[in-house]
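I have placed the structure first, in the form of structure tokens, so that the comments after it can refer back to it.
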DNA sequence: TTTTTAGTTTTTTAATTTGAGAACTAAAAA
DNA sequence: TTTTTAGTTCTCAAATTAAAAAACTAAAAA
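Protein chains in written order, with the numbering used here: chain D, -18 to 138; chain R, -18 to 138.
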């Protein structure tokens, strides 16, 4: 008997679009579809087989993708007593941490570009100036984040 | 006779690290190495064969990667009269446009998530609230960009 | 104790990506 | 006109990635 979740065509299309977006940002197709499903599905906690059958994935693809997503902090699961299954769900509530992560990336690039800059000759002035500017802007953005969060929280009230 | 540019070991390592970073953000290895070379190399304008031989790439890999990078707006070239070669260089000066591009992506995701939100049931309150928050924060960040640029430009003077 | 459940791991296959090599082309030079 | 230069394009092989199928495992249920 099928465990698949019933979805409207619109929901299926949204899962594909969101899935493709996640693929573009480095996830495997299966992982991308799973986070997308867990974002779009009206039922927010889905079992292994519900995910597997809704997306027509094999057990291995499902297992590997779920574990990948858990290690990325994109997904976690809860259990219900008297039920051995795990119910997986999106960690959308951790969006602040996810954002922090992506801002951390900016800092890492800035650090790398700083090393490049230190290695560059002094002639190539214009080039060095541009490089200095990107680095400076990246660091500036990063410094402004806390203030931005604060401002956002305030306007949110 | 070899056209390869002489690089120190440090420069070679920086090219690899920067290349890997570009790979992670979706470029092919060859494209990643080429932008990286054009960022690290003390000579900022390099001919096709200088790139090819410095990075030990085939002609096809070099040609395809360069054209990819030009279509992405990451690289362009200049010519010198009496010299048929094209001299390729990093478009690092266009970093503002590149940044704008990546902020545009945030907006696109926000739009997509907005569509998801409109499709969600009204129960799943907490989930919807989180989704609403991410979207709101993304849009907020996007709105703040011009002011951030302005502030950065001012502190830069 | 045996069976079932809920996954995990291993093996194999299919698809995609990447880039080498060689043939090709258009313009310039000889 | 022939040759050379500066790439481009095509064909194919190697490497990588993705996922299916099937064997396996640990815990719970019967």
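Ideal Cβ positions, reconstructed from N, Cα and C, are used throughout, including at glycine.
{"Asked": "Residue 198 of chain D - partner residues in DSSP beta bridges", "Found": "Because chain D is modelled from -18 through 138, residue 198 of chain D falls outside the range shown and cannot be assessed."}
{"Asked": "Beta-carbon proximity of residue 73 of chain D to residue 112 of chain R, cut-off 8 Å", "Found": "yes"}
{"Asked": "Chain D contact for residue 73 of chain R (CB, 8 Å cutoff)", "Found": "yes"}
{"Asked": "Residue 13 of chain R versus residue 42 of chain R: straight-line alpha-carbon distance, rounded", "Found": "12 Å"}
{"Asked": "Completely contained alpha helix (DSSP H) runs for the segment -11 to 46 of chain R, where each covers 4 or more residues", "Found": "-10 to 5, 10 to 21 and 29 to 36"}
{"Asked": "Three or more C-beta pairs below 8 Å linking the segment 76 to 90 of chain D and the segment 49 to 69 of chain R", "Found": "no"}
{"Asked": "With 16 other Cβ atoms within 10 Å as the buried cut-off, status of residue 46 of chain R", "Found": "buried"}
{"Asked": "Start-to-end residues for the beta strand (DSSP E) that takes in residue 57 of chain D", "Found": "56 to 61"}
{"Asked": "Helix, strand or coil at residue 127 of chain R according to DSSP, with G and I counted as helix", "Found": "helix"}
{"Asked": "Residues near residue 126 of chain D by beta carbon distance below 7 Å, same chain, minus five either side", "Found": "84"}
{"Asked": "Start-to-end residues for the alpha helix (DSSP H) that takes in residue 77 of chain D", "Found": "76 to 100"}
{"Asked": "Euclidean distance between Cα positions of residue 64 of chain R and residue 36 of chain R", "Found": "23 Å"}
{"Asked": "Cα-Cα separation, residue 44 of chain R to residue 103 of chain D", "Found": "30 Å"}
{"Asked": "Residue-chain proximity (residue 21 of chain D, chain R), Cβ-Cβ < 8 Å", "Found": "yes"}
{"Asked": "Cβ of residue 2 of chain D within 8 Å of any chain R Cβ", "Found": "yes"}
{"Asked": "Nearest neighbour of residue 23 of chain D, chosen from D:-4, D:2, D:11 and D:8 [CA to CA]", "Found": "D:-4"}
{"Asked": "Local conformation of residue -13 of chain R per DSSP, three classes", "Found": "coil"}
{"Asked": "Near-chain D residues of the segment 92 to 108 of chain R - C-beta to any C-beta below 9 Å", "Found": "93, 94, 96, 97, 100, 101, 102, 104, 105, 107 and 108"}
{"Asked": "Counted within 10 angstroms of its Cβ, other Cβ atoms place residue 0 of chain D as buried (16 or more) or exposed", "Found": "buried"}
{"Asked": "Nearest-angstrom Cα separation, counted from residue 136 of chain D out to residue 28 of chain D", "Found": "38 Å"}
{"Asked": "Where residue 49 of chain D sits in the DSSP three-state scheme", "Found": "helix"}
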